[in-house]
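2 protein chains.
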Amino acid sequence: MRKFICAKDEWRDPLNTTPNQPTHSSSDDFTKACADIVGTQHVLTDPNDLNRYGVDWTGQYSGTPIAVARPDTTEQVSDLVKLCGVHRIAMVPVSGRTGLCGGGVPISGQPSLMISLERMNRIRAFDTAARTVTVEAGVVLETLHAAALEHELIFPLMFGAKGSCMIGGNLSTNAGGSNVVRYGNTRDLCLGIEAVMPDGTIVTGLQGLRKDNTGYDIKNLLIGAEGTLGIITAAVFKVSPKPAVRATAFVSVQTLSATIDVLNRLQDRTGGAVEAFEYMPKVMVDTICQQIPNVRPPLDTPAETGLLIEVASSRADDAEMLEDGTVALQNRVLEILGELMEEEIVIDAMIAQSEQQRADLWKMRESVLEAITENGPFYLMDISLPLAHVAQFVAAMDAFCTPLGVLPLMVAHLGDGNLHYGLAAAEGHVFVDLPMDQVKAQAFDLLRTLGGSFSAEHGIGQSKLDLMTSLKDPGQLAVMRMIKCAIDPQNLMNPGKMVPTI
Amino acid sequence: MRKFICAKDEWRDPLNTTPNQPTHSSSDDFTKACADIVGTQHVLTDPNDLNRYGVDWTGQYSGTPIAVARPDTTEQVSDLVKLCGVHRIAMVPVSGRTGLCGGGVPISGQPSLMISLERMNRIRAFDTAARTVTVEAGVVLETLHAAALEHELIFPLMFGAKGSCMIGGNLSTNAGGSNVVRYGNTRDLCLGIEAVMPDGTIVTGLQGLRKDNTGYDIKNLLIGAEGTLGIITAAVFKVSPKPAVRATAFVSVQTLSATIDVLNRLQDRTGGAVEAFEYMPKVMVDTICQQIPNVRPPLDTPAETGLLIEVASSRADDAEMLEDGTVALQNRVLEILGELMEEEIVIDAMIAQSEQQRADLWKMRESVLEAITENGPFYLMDISLPLAHVAQFVAAMDAFCTPLGVLPLMVAHLGDGNLHYGLAAAEGHVFVDLPMDQVKAQAFDLLRTLGGSFSAEHGIGQSKLDLMTSLKDPGQLAVMRMIKCAIDPQNLMNPGKMVPTI
Numbered sequence: 012m013r014k015f016i017c018a019k020d021e022w023r024d025p026l027n028t029t030p031n032q033p034t035h036s037s038s039d040d041f042t043k044a045c046a047d048i049v050g051t052q053h054v055l056t057d058p059n060d061l062n063r064y065g066v067d068w069t070g071q072y073s074g075t076p077i078a079v080a081r082p083d084t085t086e087q088v089s090d091l092v093k094l095c096g097v098h099r100i101a102m103v104p105v106s107g108r109t110g111l112c113g114g115g116v117p118i119s120g121q122p123s124l125m126i127s128l129e130r131m132n133r134i135r136a137f138d139t140a141a142r143t144v145t146v147e148a149g150v151v152l153e154t155l156h157a158a159a160l161e162h163e164l165i166f167p168l169m170f171g172a173k174g175s176c177m178i179g180g181n182l183s184t185n186a187g188g189s190n191v192v193r194y195g196n197t198r199d200l201c202l203g204i205e206a207v208m209p210d211g212t213i214v215t216g217l218q219g220l221r222k223d224n225t226g227y228d229i230k231n232l233l234i235g236a237e238g239t240l241g242i243i244t245a246a247v248f249k250v251s252p253k254p255a256v257r258a259t260a261f262v263s264v265q266t267l268s269a270t271i272d273v274l275n276r277l278q279d280r281t282g283g284a285v286e287a288f289e290y291m292p293k294v295m296v297d298t299i300c301q302q303i304p305n306v307r308p309p310l311d312t313p314a315e316t317g318l319l320i321e322v323a324s325s326r327a328d329d330a331e332m333l334e335d336g337t338v339a340l341q342n343r344v345l346e347i348l349g350e351l352m353e354e355e356i357v358i359d360a361m362i363a364q365s366e367q368q369r370a371d372l373w374k375m376r377e378s379v380l381e382a383i384t385e386n387g388p389f390y391l392m393d394i395s396l397p398l399a400h401v402a403q404f405v406a407a408m409d410a411f412c413t414p415l416g417v418l419p420l421m422v423a424h425l426g427d428g429n430l431h432y433g434l435a436a437a438e439g440h441v442f443v444d445l446p447m448d449q450v451k452a453q454a455f456d457l458l459r460t461l462g463g464s465f466s467a468e469h470g471i472g473q474s475k476l477d478l479m480t481s482l483k484d485p486g487q488l489a490v491m492r493m494i495k496c497a498i499d500p501q502n503l504m505n506p507g508k509m510v511p512t513i
Numbered sequence: 012m013r014k015f016i017c018a019k020d021e022w023r024d025p026l027n028t029t030p031n032q033p034t035h036s037s038s039d040d041f042t043k044a045c046a047d048i049v050g051t052q053h054v055l056t057d058p059n060d061l062n063r064y065g066v067d068w069t070g071q072y073s074g075t076p077i078a079v080a081r082p083d084t085t086e087q088v089s090d091l092v093k094l095c096g097v098h099r100i101a102m103v104p105v106s107g108r109t110g111l112c113g114g115g116v117p118i119s120g121q122p123s124l125m126i127s128l129e130r131m132n133r134i135r136a137f138d139t140a141a142r143t144v145t146v147e148a149g150v151v152l153e154t155l156h157a158a159a160l161e162h163e164l165i166f167p168l169m170f171g172a173k174g175s176c177m178i179g180g181n182l183s184t185n186a187g188g189s190n191v192v193r194y195g196n197t198r199d200l201c202l203g204i205e206a207v208m209p210d211g212t213i214v215t216g217l218q219g220l221r222k223d224n225t226g227y228d229i230k231n232l233l234i235g236a237e238g239t240l241g242i243i244t245a246a247v248f249k250v251s252p253k254p255a256v257r258a259t260a261f262v263s264v265q266t267l268s269a270t271i272d273v274l275n276r277l278q279d280r281t282g283g284a285v286e287a288f289e290y291m292p293k294v295m296v297d298t299i300c301q302q303i304p305n306v307r308p309p310l311d312t313p314a315e316t317g318l319l320i321e322v323a324s325s326r327a328d329d330a331e332m333l334e335d336g337t338v339a340l341q342n343r344v345l346e347i348l349g350e351l352m353e354e355e356i357v358i359d360a361m362i363a364q365s366e367q368q369r370a371d372l373w374k375m376r377e378s379v380l381e382a383i384t385e386n387g388p389f390y391l392m393d394i395s396l397p398l399a400h401v402a403q404f405v406a407a408m409d410a411f412c413t414p415l416g417v418l419p420l421m422v423a424h425l426g427d428g429n430l431h432y433g434l435a436a437a438e439g440h441v442f443v444d445l446p447m448d449q450v451k452a453q454a455f456d457l458l459r460t461l462g463g464s465f466s467a468e469h470g471i472g473q474s475k476l477d478l479m480t481s482l483k484d485p486g487q488l489a490v491m492r493m494i495k496c497a498i499d500p501q502n503l504m505n506p507g508k509m510v511p512t513i
């Protein structure tokens, strides 16, 4: 292992060192050495390739690497990492490259090798009895979904990019999505990882143990670290039984603060079977219906406070077809919603009677980003709040935005207190003229006051480094620096991401 | 924050430094300074007190501290930690002191202050709507159980020491127990912590957020670190709905390897409602019946492969009383077990028809440690295996032990692959004459081969430092050392625990 010293009263912040310079004058030697490890055809140096890999999904962040290396094995990743250490070349690990925060492209002023895990796309093992699956970082999320379904099981991680995002990125950003309310984030689904540390050491923990108290939690340290502490090459995940039946509903609720009663009632009465609890206010549904063809409001009377709710169960009795042709679980959900109507918590509700109706509801939900984009320029915040404070935040922000001509366009994974809070121009206003800095400042002040987070599930990357400095608990930030400094003292592992310089 | 340097090619292992010597000749100055922080009456120096605190629950580990300080606030903990840093006094954080691995007593050769969190026993907040509770480290687990029940909610962490263990220790050892199969370990129940780092910095994250991707996972780094990286002073936990009904059964299964089919069938058919899945082989049940008064085998034909299973549900329909006077959930469980009998997976089963019968089954389970102790001297292993390899391990160990006169006395949280594997003397053999080292070596060889863990839920403390050196993944061990060195460079935070010296 790399050796290092810890002493007090001295400080060289590796996050603040001047850009590393390659020890070799020629980067050709370096790329040749990369080719010796992964093969010439898997070291991309063509400018078109470098430009393609060097720009992130949002198009807002870019940087040109020396090359893109595509290793096929964990040993090759380790050899590349050691090579970069010798040459003092920064490393940018990437897989599906669908991140939203600029975490997957090189920063300027520092020679970088992009290490793409895309070729490490094997499903190494599937234990249907123990209900675990071992996959490599380059497996596309949707591929894992399909592999689980072959065994009548599901891998529940679910969000828009599922067709192109990869497991390595899911882990490195602790991806969330719309099923977190039941199954948790990527972190909660993972039983162990294999990773390459910044000195090339391979750490392994792929046994799929449910209990293991032998030391510090290295797994969770690397999950969500955005490749700044090492490169995750494989992981073992829990898989869950495939639901035998689903009940998908759109519900109009009296107030936003009352939605938590709807969530708790459904959870208690279904044994915690709520899989999605998505907030879709009227303004968002209207925008989708305007911008996206063939989408209609699910309720005759538009819901000011709309919820897309999905409940799912693997129980045979829940899947039972009743005499009247309805399904037991859907009946139960309607029954619960009926109660909530009598209690004047719920105003109106519809439940999907067919797969087509269910698909229509989810199409509406999944069209959000497209609809907001079509609607015009916007600024999007990925934030979270304690469940008890969501309504207060939204009310305060709406009151603040309206007089300024700012239109909040929001959707929320409400069961997790996770708001995707968009800010657009209200009718008759021009986006570029809006006092957006003022609105953001107000939002972040509110988050600070109400104990919220400025990054719920998208991560930090480059886009939120300033917020890390201004909003992150200083104690935690200091500990992060200690850890980054100890594990990556040369600051070669995805530099300029997640951990702000002082 | 403390500053420190990282550089290559040099190494001073803080885990290997000669014992720190107090900078002051007299420890009176130090204890006086402690008293200035927490008050004279809360600094214990009476030899009787020091002996009481200095011996762990097992009686196998002891060490005498300079004093025991009992802070009342997080700020007092921080001040004590800073004071110890200045005086170079080691710190041993303790709460309920029920640990089984010697993690909560001073080591010899190093002047230590024991910091007992027992006075920090407040429940700071209970959010029944968001279903979170914020508690201090000195809260007794059973007290938290009661507090949750007042709101018709449960805090599901459950094990023998519940009446005296405290939250701080539960977190620092990532305590497990018999409900992990449904609710997870302490780690999985925790949404955030407040802690004091080795330099006195207070890190806080008690907002109870369900999603927060703003940086490294400091929470999980401190959970399970046995106080070697900092002192956890408070935490916010998830709480769950109180079950409306339980079905508790004792089941005789054909083979150990077939038990996983029983688990999966029950999980799928009850929507994941299995709360306990405990393995109790015949030899264990027999030993309990011999040693513990008023315990009888639950089945007429003793079960070679016995399972204590509990299923629980918050669903009203599961709690329904049927015409025949039976309860729906219990009927469903019997129905499933009936199927498994027809498939010749299950041999026999009984289901508790009353609270008394349920209590009897749990009394049998909870008498295990007492029964093994009464039975005579034994060596106990707390190990885990991938679910698919449990049967193979047990078969191989039984075959190895029997000819040597060693009697395996085991109970297991089988749903988690967690075996409490006891080794006693078979009839006609004397414990001290048994080749126990040979048996242990065989067990750990098997664990290595089968991908098991040598500490599933009890932790490392002092008792398994040698196993950390010989069995822990070297890569992970090296990363642990980097982290310990970076965060606690003076090695003052519970030294001699968890992280072995080189």
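These protein sequence lines map, in sequence, to chains X and Y. Numbering of the first sequence is given in the working numbering, commencing with residue 12 and proceeding in unit increments. Numbering of the second sequence is given in the working numbering, commencing with residue 12 and proceeding in unit increments. Just so you know, even glycine gets a beta-carbon here, dropped at the ideal spot from N, CA and C.
Rounded to the nearest angstrom, the gap between the Cα atoms of X/Met352 and X/Asn275 is 15 Å. Among the CB atoms of chain X, one or more fall inside 9 Å of the CB of Y/Cys496. Contact note: X/Pro397 reaches chain Y through Ala141, Gln218, Gly219 and Leu220, using a C-beta cutoff of 7 Å and chain order.
No Cβ-Cβ contact shorter than 9 Å links X/Val105 with X/Gly211. With distances taken between CA atoms, X/Gln301 lies nearest to X/Ala382 out of X/Asp67, X/Ala382, X/Cys112 and X/Leu333. When Cβ pairs closer than 8 Å are counted between the two stretches, the segment 318-329 of chain X is seen not to touch the segment 239-249 of chain X, the count staying below three. Under the DSSP definition of a beta bridge, X/Ser73 partners with X/Val66. In the structure shown, X/Ser395 falls within a strand segment according to DSSP collapsed to helix, strand and coil. When the beta-carbon positions are compared, Y/Arg142 and X/Gly282 stay at least 9 Å from each other. Bounds of any alpha helix (DSSP H) do not take in Y/Lys249; it lies within the beta strand (DSSP E) bounded by Ile242 to Lys249. In this structure Y/Val264 does not touch Y/Asp427 by the C-beta definition: roughly 17 Å separates them, more than the 8 Å allowed. Per DSSP, reduced to three states, the secondary structure at Y/Thr154 is helical. Contact note: Y/Lys483 reaches chain X through Thr225 and Gly226, using a C-beta cutoff of 8 Å and chain order.
Exposure of X/Met332 is indicated by the presence of fewer than 16 other C-beta atoms within 10 angstroms of its C-beta.
In the DSSP assignment, Y/Arg280 falls within the alpha helix (DSSP H) that extends over Thr270 to Thr281. Only residues of its own chain outside the window of five on either side were considered, and among them Ile471, Leu488, Met509, Val510 and Pro511 have a CB closer than 8 Å to the CB of X/Met479, listed in chain order. In this structure, X/Glu237 lies away from X/Asn502, with their beta-carbon atoms at least 9 Å apart. Counted as a single uninterrupted DSSP element, the beta strand (DSSP E) harbouring Y/Thr145 occupies residues Thr143 to Glu147. When rounded, the separation of the alpha-carbon atoms in Y/Pro254 and Y/Ser324 is 5 Å.
Here X/Pro58 carries a helix assignment [DSSP, helix/strand/coil]. At a cut-off of 9 Å, the C-beta of Y/Thr266 has no neighbouring C-beta in chain X. The segment 353-361 of chain X makes no contact with the segment 403-419 of chain X, as fewer than three CB pairs between them are under 8 Å. For a Cβ distance threshold of 8 Å, residue set Lys222 and Asn224 of chain X lies close to Y/Glu468, ordered along the chain. Within the segment 189-237 of chain Y, the beta strand (DSSP E) runs of at least 3 residues that lie entirely inside it are, in chain order, 201-207 and 213-215. As the crow flies, the alpha-carbon of X/Ala399 is around 26 Å from that of X/Leu200. Within a 10 Å sphere around the beta-carbon of X/Val443 sit fewer than 16 other beta-carbons, which makes this residue exposed. In its chain, beyond the 5 residues on either side, Pro292 and Lys293 have a beta carbon closer than 7 Å to the beta carbon of Y/Glu315. Within the same chain, Cβ atoms closer than 8 Å to the Cβ of X/Glu205 are found at Thr85, Ile213, Val214, Thr215, Gly216, Leu217, Ile243, Thr244, Ala245 and Ala246, the five residues on either side in sequence being excluded. Taking the Cα positions, Y/Pro304 is about 15 Å away from Y/Met295.
Neighbours of Y/Pro252 in chain X, taken as residues whose beta carbon is under 9 Å from its own, are Asn275, Gln278, Asp279, Gly282 and Gly283 in chain order.
Judged by beta-carbon spacing, X/Phe170 lies within the 9 Å limit of X/Ser189, meaning their Cβ atoms are closer than that value. C-alpha of Y/Gly226 to C-alpha of Y/Ser73: approximately 39 Å in a straight line. Look at X/Gln403: its C-beta is not under 9 Å from any C-beta on chain Y.
Identification of chain Y residues near X/Gly349 by a Cβ-Cβ cut-off of 8 Å yields none; the smallest Cβ-Cβ distance measures about 14 Å. Following the DSSP letters along the chain, one finds X/Ala260 inside the beta strand (DSSP E) bounded by residues Val256 to Val264. Of all residues in the segment 187-205 of chain X, only Gly187, Val191, Val192, Gly195, Asn196, Arg198 and Asp199 come within less than 9 Å of chain Y when Cβ atoms are compared, listed by chain position.
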